[in-house]
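Take a look at the structure below.
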Ligand code: CO8
């Protein structure tokens, strides 16, 4: 199927999905997420594929949900129109192992998307962050839950309340990523890992993935619901309007 915002290819039993919206640093608009969900569903049900790699460009894995698309949303439509709905959920319900290969920015929804994957391999150029607070909202695709589980409460609070970025080395120290590799080695190393995983028993992979997820998933689902209930009503508040408009107009927001 031809896609406009992603590129897919296969290499033996490994499928690679590359986010491809360079003009906006792979901002995750509805169309991109819908194409991603479609590709994930397709590879998940393709018996010849055993492992999926999700990646972006050298400059950005993804710089977040698309602020230009989000800026005029308002509660309660944010709750009614399946905003952060089915497309995002596909990433977490894919049965096969999904590896995120992250180079450059993985911010906001981009960081959340990487954390929805099973393993994150980072280039030494990677930068992770949840900067939503700076545009008057909060993480809305699981960031408050998954980042906290990955790096602990104090560091997650510091990251989310300030919106600061962490580099790849800090992300590895904080257990956000499995491994950091030189940028030039990101895809070769990730493909090596993916091929190794793809060589294992598919049913054992499935059971291992399910069991690891069971270590925290029941509580996680509850937490993500709570986060969503807090995130959606922020749309239409003066600070959300000001924060997103200021980003687009390239000026500092006034949150007075
Ligand atoms: N949305 C829309 N456009 C974006 C985004 C984005 N998230 N990020 C970058 N762009 C666009 C810029 O507007 C710019 O476009 P243009 O050339 O038309 O002005 C282009 O990409 C290049 O960006 P910059 O010129 O800003 O590049 P810099 O190298 O100067 O800066 C940064 C790179 C630091 C990554 C900067 O672009 C930035 O801060 N981006 C926004 C990061 C951010 O705030 N992300 C969080 C977004 S909110 C979110 O993700 C909530 C998720 C909740 C779930 C939602 C479900 C739908």
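Numbering (this note's numbering), first residue to last: 8 to 263. For glycine and all other residues, C-beta sits at the position ideal for the given N, C-alpha and C. Computed from a predicted structure; not experimentally measured.
For residue 241, the secondary structure class from DSSP, reduced to helix, strand or coil, is helix. Within the region 102-186, complete alpha helix (DSSP H) segments of at least 4 residues are found at 116-123, 150-158, 160-169 and 175-180, given in chain order.
In this model, residue 221 and residue 252 are separated by some 40 Å (Cα to Cα). By the criterion of a C-beta distance shorter than 7 Å, residue 162 is surrounded in its chain by 181, once the five residues flanking it on both sides are discounted. Residue 112 is a Cβ neighbour of residue 134, given a cutoff of 8 Å. The residue from 55, 126, 17 and 150 with its alpha-carbon nearest to that of residue 71 is 150. According to the DSSP assignment, residue 24 belongs to the beta strand (DSSP E) that extends over 21-26. Proximity to residue 137 across 127, 129 and 153 peaks at 153, based on C-alpha coordinates. Here residue 147 is not near residue 35, since their CB atoms are 8 Å or more apart. Following the DSSP letters along the chain, one finds residue 204 inside the alpha helix (DSSP H) bounded by residues 193-205. By the C-beta density criterion, residue 103 is buried, having at least 16 other C-beta atoms within 10 angstroms. Excluding five sequence positions before and after residue 16, the CB atoms of its chain that fall closer than 6 Å to its own CB belong to 23, given in chain order. At least one heavy atom of ligand 1 is found less than 7 Å from the C-beta of residue 142.
For the 8 Å CB-CB criterion, residue 59 and residue 43 do not form a contact. Within the chosen limit of 7 Å, ligand 1 does not reach the beta carbon of residue 44 with any heavy atom.
Beta-bridge pairing by DSSP links residue 58 to 21.
Check the Cα spacing between residue 97 and each of 52, 205, 81 and 82: the tightest is with 52.
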